[in-house]
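Note sheet for the following structure.
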Amino acid sequence: MKKVYYLSTCNTCTRIIKEFNLTDSFEIQDIKFDKITAKQLTELKNLAGSYEDLFNRRSRQYTARNLKKQELTEQDYKSLILEEYTFLKRPTIIIDDQIFIGSAKKNLEALKEAI
0 MKKVYYLSTC
10 NTCTRIIKEF
20 NLTDSFEIQD
30 IKFDKITAKQ
40 LTELKNLAGS
50 YEDLFNRRSR
60 QYTARNLKKQ
70 ELTEQDYKSL
80 ILEEYTFLKR
90 PTIIIDDQIF
100 IGSAKKNLEA
110 LKEAI
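Take the sequence shown: its letter number 14 is residue 13 in numbering that gives the first Met the number 0, and every next letter is one higher.
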């Protein structure tokens, strides 16, 4: 399976999709309009190792809800991602049994090698 979870309103996501030419052979899911399901999130967690690894602490909602001061559990991370699409770190890219989460340089270099 080749899939990209992203936001069409995120310039970084759209740049990465174009830069790596992911539109041709990847299924593209805009999580703002096609919300991630519990089943999809569980599949991502199984590849990533934890819901926390998928969680975006740069989301405006993270600050607005004052989550920094809370002790979040794996169940909390899961619930928050399902409730608010901006809590999923993006882009999240699946290539078979590999997952690439976020736009960090190291992550993009690994993605380039995998493609």
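Backbone N, C-alpha and C define an ideal beta-carbon position, used for all residues, glycine too.
Within the same chain, and ignoring the five residues on either side of leucine 87 in sequence, the residues whose Cβ sits closer than 7 Å to its Cβ are Tyr4, Ile30, Ile35, Leu53, Asn55 and Ile80. The shortest C-alpha to C-alpha distance from isoleucine 94 to any of Ser78, Leu21, Thr62 and Lys68 is the one to Leu21. Remark: C-beta atoms of leucine 40 and lysine 2 do not approach each other more closely than 8 Å. A Cβ-Cβ distance of about 6 Å is found for the pair leucine 110 and isoleucine 92, placing them in contact under the 8 Å criterion. The shortest CA-to-CA distance from alanine 63 to any of Glu83, Thr72 and Tyr50 is the one to Glu83.
Leucine 66 and glutamine 74 have their C-alpha atoms roughly 14 Å apart.
Classified as exposed, arginine 59 has fewer than 16 neighbouring CB atoms from the shown chains inside 10 Å of its CB. In the structure shown, lysine 31 adopts coil according to DSSP, grouped into three states. Comparing alpha-carbon positions, the option among Ser7, Pro90 and Tyr50 lying closest to lysine 38 turns out to be Tyr50.
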